[in-house]
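Trainee:
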Amino acid sequence: MSAALIPRNALAWLLSAQVVVLLPHLTRLPWWVAVLWLGCAAWRVQIQRMRWGYPGRILRTAGLLLTGVAVFFSQGTLIGLDATVMLLLLLFMLKLLEMRNPRDALVVIYLGFFILATAFLFDQGIPLTLYQCVGAVVLVAALIGLQQSPARNDPWRALRSAAAMLLQALPLMLLMFLFFPRLAPLWTINLPSTESRTGLSDTMAPADIANLAQSPELAFRASFEGDIPPPSRLYWRALTLSRFDGRVWSQDRLLERRQPLAVERSGATLDYQVIAQPTGRNWLYSLPGSVSDSPELRALRDDTLRAKRPLSSTFGYTATAFERVQRQRDGLTEDERQRLLQLPEDSDPRSRAWAEELRQRHASDAELVNALLRHFNQQPFHYTLRPPTLGRHSNDEFLFDTRRGFCEHYAGAMTFVLRAAGIPARVVTGYQGGELNPRGGYLLVHQFDAHAWIEAWLPGQGWQSFDPTFQVAPSRIERGLEEAMREEGSFLADAPLAGSRYRDIGWVNNLRLTWDDINYQWQLRVLNFQSEEQLALFKRWLGTADWRRIGVLVLSLVGLVMVVQALIWLRPRRLSGSPAQLAWQQLDQRLCKLGLGVRAGEGPRDWQQRLRQALPQQRAAIDGFFDRFVEQSYAQRQPGEAQAQLKPALQTLLRSLPRRRPPAPSQALD
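Oh and the sequence shown: position 48 is 48 in the working numbering, straight run, nothing missing.
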């Protein structure tokens, strides 16, 4: 079949739609993808102009194979989110060269709608959502263009029609969003990162980092019922690291899989809500001893919370923290104790010897811990984001030689010494503190707020938390990383465009916090509107969560919306036209009320004659209007001059018309 069967209008909109749909993905794709699309689009245009032919079967097969090979070498695999999306995008481009008729073009447009949705796998923010609305309008315009005759070339009419259709669908979309049952996500994503950052990781290797790259990205937001606690209480637990191989601290999966430990909670409660950013991991952030009723969460033995699936999008949950928490006071099993005292052989001999010396001086575990904290406080240790790299015995070099590091150095070294002294200990990683947004009354916790501290098991007390960083740089805990690094000048040194660097500039900071509050409300009210929030809304608005009653209500509302839309969009409308046609329509509407409207096939002079007989007293006004109308419609006169005379003639006639139809002429003669 000929390419001419696809209207030029539809092809123009289809190419425009491909540009709009592909644009959000280009930052994640290699440069040659854009070049490939340009080549496919140019070939398609030449086909439309009947200058080039369609690619043959051999060329199409070779193109398909090369596409798979290109995706494999670019992504390293053909399986996974990035590879799958990239493969879809490439096939979306190549399909341009296979379109022979409107049915093929429909396949490309439908594939465009699907690819439009894939962008939300990587970002669910407000800017992308608004941009994707534009993409939907352009795709619908291409769809409308296919229904037009090839001779019609009015792309703006297709665009107006597409925008009107989407506006008509908006009320139904809002109803479906509020009342349609919320479904669990059908996919998960994993976004690994290999760059050393202050952001959270499931391992900790401070010895291998010489210059810490700081990330201004948001980790999560937290809001509280009541006053926000002081920074000293804002230790957001995420992971506990119990295994050490001499350089890297990591999780002990065997300890994680055991039943949650006994936790004694007492004192005042603190209810809070967290909205976490997507990470591709399932760890969450909670204050010590927190509990949650959310069915999407589970508590682990190390007093941390986990989601049941990796966070592929923003994830909100509520939890309750307690003022006093005691964990595992009754003791450790022998296996747990051995695992929490594990150290690699022949590592850090000076640290081991110092631990033995501390043990000889302090019989009590609590006294030894306090002595170690005093050592960090009194000796010339320095908190820095530019630490030197360390050699084989990293803890020895840090404790006795360099004495320069950030929180991970202090937490790792203290845990090593405590274990060498016979005290079970582990590293805890998470975030500490946060930035208050006064507009929304919530905390912003960024990746540069990532922190590490330690927990030691003390007889009769259970697990107790200690932060050696506080002994060296208390400003890091009380006022945040920016204040602690003010003299060094290393705060966000690698991110000159980060808004958090310019908190001292009033209007910049206000703009940043206002935009963040808008995004927070978007995530809270829209992205976090899941089944629990939906049921709570039903109970608050309708007093019930019975889906049968809700279904009846939804069907009634949908029917009502459709009726209202039908009355609005399908009501009779006046046809647009020239000034003479508009005047004709206006007079016809007025005379229809008197039963004297224009008849089918009736010309202006015939209608004029009929009106003269029915309205003898208005003959002068009737003649004046119709004479002007005929002159403007048929005579060779200047349009402006005729129009200037037609409008007053129409107004004169309309003012002279009676409210009711007069008696028939025969009755008037009697």
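We put the CB at the ideal spot given by N, CA and C, even for glycine.
Would you report the Cα separation of Ala62 and Gln46, rounded to the nearest angstrom?
Mentor: Taking the first residue of the sequence shown as 1, we reach residue 62 at position 62. Taking the first residue of the sequence shown as 1, we reach residue 46 at position 46. Between Ala62 and Gln46, the C-alpha separation is close to 21 Å.
Trainee: Rounded to whole angstroms, what is the Cα-Cα separation between Gly280 and Arg306?
Mentor: Here residue 280 refers to the residue found at position 280 when the sequence shown is read from its first residue. Here residue 306 refers to the residue found at position 306 when the sequence shown is read from its first residue. The alpha-carbon atoms of Gly280 and Arg306 are separated by roughly 12 Å.
Trainee: Thinking C-beta only, is Ser232 closer than 9 Å to Phe322?
Mentor: Along the sequence shown, read from residue 1 onward, the residue named residue 322 stands at position 322. Along the sequence shown, read from residue 1 onward, the residue named residue 232 stands at position 232. Contact: no.
Trainee: Counting beta carbon pairs with one atom in the segment 224-244 and one in the segment 416-429, are three or more of them shorter than 8 Å?
Mentor: Counting Cβ pairs under 8 Å, three or more are found: they touch.
Trainee: Please check the pair Thr318 and Ser294, which I expect to be a contact at CB under 8 Å, by giving their CB distance rounded to whole angstroms.
Mentor: Counting from 1 along the sequence shown, the entry for residue 318 is found at position 318. Counting from 1 along the sequence shown, the entry for residue 294 is found at position 294. Confirmed, about 7 Å.
Trainee: Rounded to the nearest angstrom, how far is the Cβ of Ala355 from that of Val417, given a contact under 8 Å?
Mentor: Here the question's residue 355 lines up with position 355 in the sequence shown. Here the question's residue 417 lines up with position 417 in the sequence shown. Indeed, because the Cβ distance is near 5 Å, the residues count as touching under 8 Å.
Trainee: What would DSSP say about Ile550, mapped onto helix, strand or coil?
Mentor: Start at 1 with the first residue of the sequence shown, and residue 550 comes out as number 550. Reduced to three states, the DSSP call for Ile550 is helix.
Trainee: Could you have a look at Val274 and say whether DSSP puts it in helix, strand or coil?
Mentor: As a first step, residue 274 is located in the sequence shown; it is residue number 274 there, counting from the start. In the structure shown, Val274 sits in a strand (DSSP, three-state: E or B).
Trainee: Suppose the cutoff is 6 Å on Cβ atoms and the five residues either side in sequence are ignored; what does the same chain contact list for Gly462 look like?
Mentor: Within the sequence shown, residue 462 is the residue found at index 462, counting from 1. Excluding sequence neighbours, Gly462 sits near Gln326, Arg327, Gln328, Arg329.
Trainee: Going by CA-CA distance only, name the one from Gly316, Arg374, Ile423 that's closest to Arg359.
Mentor: Taking the first residue of the sequence shown as 1, we reach residue 359 at position 359. Taking only the C-alpha atoms, the option nearest Arg359 is Ile423.
Trainee: Please indicate yes or no: does the CB of Leu537 lie closer than 8 Å to some heavy atom of the ligand GDP?
Mentor: The model on display carries no ligand, and the ligand GDP is accordingly not part of it.
Trainee: Can you tell me whether Ala164 is buried or exposed, with buried defined as 16 or more other CB within 10 angstroms of its CB?
Mentor: On the sequence shown, residue 164 is found 164 positions in, with the first residue counted as 1. Ala164 is exposed by the Cβ-count criterion.
Trainee: Return the chain-ordered list of same chain residues with a C-beta closer than 7 Å to the C-beta of Trp43, the five sequence neighbours on each side being excluded.
Mentor: Mapped onto the sequence shown, residue 43 falls at position 43. Taken in chain order, the residues that qualify are Trp52, Leu97.
Trainee: Rounded to whole angstroms, how far is the Cβ of Ala142 from the Cβ of Ala299, which I believe are closer than 8 Å?
Mentor: For this step, residue 142 is matched to residue 142 along the sequence shown. For this step, residue 299 is matched to residue 299 along the sequence shown. Rounded, the Cβ-Cβ distance is 51 Å, inconsistent with contact.
Trainee: Sort out for me which residues DSSP pairs Glu694 with in a bridge.
Mentor: An answer regarding residue 694 cannot be provided, because it is not within the stretch 1 to 670 covered by the chain.
Trainee: Tell me whether Glu264 sits in a helix, a strand or coil according to DSSP, three-state version.
Mentor: The count along the sequence shown starts at 1 and reaches residue 264 at position 264. Reduced to three states, the DSSP call for Glu264 is strand.
Trainee: Go ahead and label Gly601 buried or exposed: buried means 16 or more other beta carbons lie within 10 angstroms of its beta carbon, across all protein chains shown.
Mentor: What you label residue 601 is simply residue 601 of the sequence shown in a count that begins at 1. Exposed, by the Cβ-count rule.
Trainee: Roughly how many whole angstroms lie between the Cα atoms of Tyr442 and Ala222?
Mentor: Indexing the sequence shown from 1 puts residue 442 at position 442. Indexing the sequence shown from 1 puts residue 222 at position 222. Their Cα atoms are separated by approximately 6 Å.
Trainee: Secondary structure at Phe466, three-state DSSP: helix, strand or coil?
Mentor: Here the question's residue 466 lines up with position 466 in the sequence shown. Note: Phe466 maps to strand in three-state DSSP.
Trainee: Inspect the CB distances between the segment 332-350 and the segment 390-409 and report whether three or more fall short of 8 Å.
Mentor: Output reads yes: the segment 390-409 touches the segment 332-350.
Trainee: To the nearest angstrom, how far is it from the Cα of Leu653 to the Cα of Ala583?
Mentor: Start at 1 with the first residue of the sequence shown, and residue 653 comes out as number 653. Start at 1 with the first residue of the sequence shown, and residue 583 comes out as number 583. The straight-line gap from Cα to Cα measures roughly 11 Å.
Trainee: What is the rounded straight-line gap between the Cα of Leu70 and the Cα of Leu90?
Mentor: For the purposes of this step, residue 70 is taken as residue 70 along the sequence shown, with counting starting at 1. For the purposes of this step, residue 90 is taken as residue 90 along the sequence shown, with counting starting at 1. The displayed chain sequence assigns Ala, not Leu, to residue 70. Cα to Cα, the separation comes out at about 10 Å.
Trainee: Please name the residue or residues paired with Leu458 in a DSSP beta bridge.
Mentor: For this step, residue 458 is matched to residue 458 along the sequence shown. DSSP lists Gly462 as partners of Leu458.
Trainee: Helix, strand or coil for Val699 per DSSP?
Mentor: Within the shown structure, residues of the chain are numbered from 1 to 670, placing residue 699 beyond reach of any answer.
Trainee: Measuring straight from C-alpha to C-alpha, what distance separates Leu341 and Ala205?
Mentor: Position 341 of the sequence shown holds residue 341. Position 205 of the sequence shown holds residue 205. Looking at the two C-alpha atoms, the distance is approximately 19 Å.
Trainee: Closest by CA to Arg605, which one among Asp623, Gln617, Leu594, Gly597?
Mentor: The sequence position of residue 605 within the sequence shown is 605, counting from 1. Checking every option, the nearest Cα to that of Arg605 belongs to Asp623.
Trainee: Can you tell me whether Asp303 is buried or exposed, with buried defined as 16 or more other CB within 10 angstroms of its CB?
Mentor: Locating residue 303 in the sequence shown gives position 303, where the first residue counts as 1. Label assigned to Asp303: buried.
Trainee: In chain order, what residues of the same chain have a beta carbon less than 6 Å from the beta carbon of Gly433, not counting five sequence neighbours either side?
Mentor: Position 433 of the sequence shown holds residue 433. Once the five neighbours on either side are set aside, the close Cβ partners of Gly433 are Pro231, Leu234, Asp449, Gly480.
Trainee: Using the C-alpha atoms, what's the distance from Leu29 back to Asp104?
Mentor: Within the sequence shown, the letter at position 104 stands for residue 104. Within the sequence shown, the letter at position 29 stands for residue 29. Roughly 26 Å between the two C-alpha positions.
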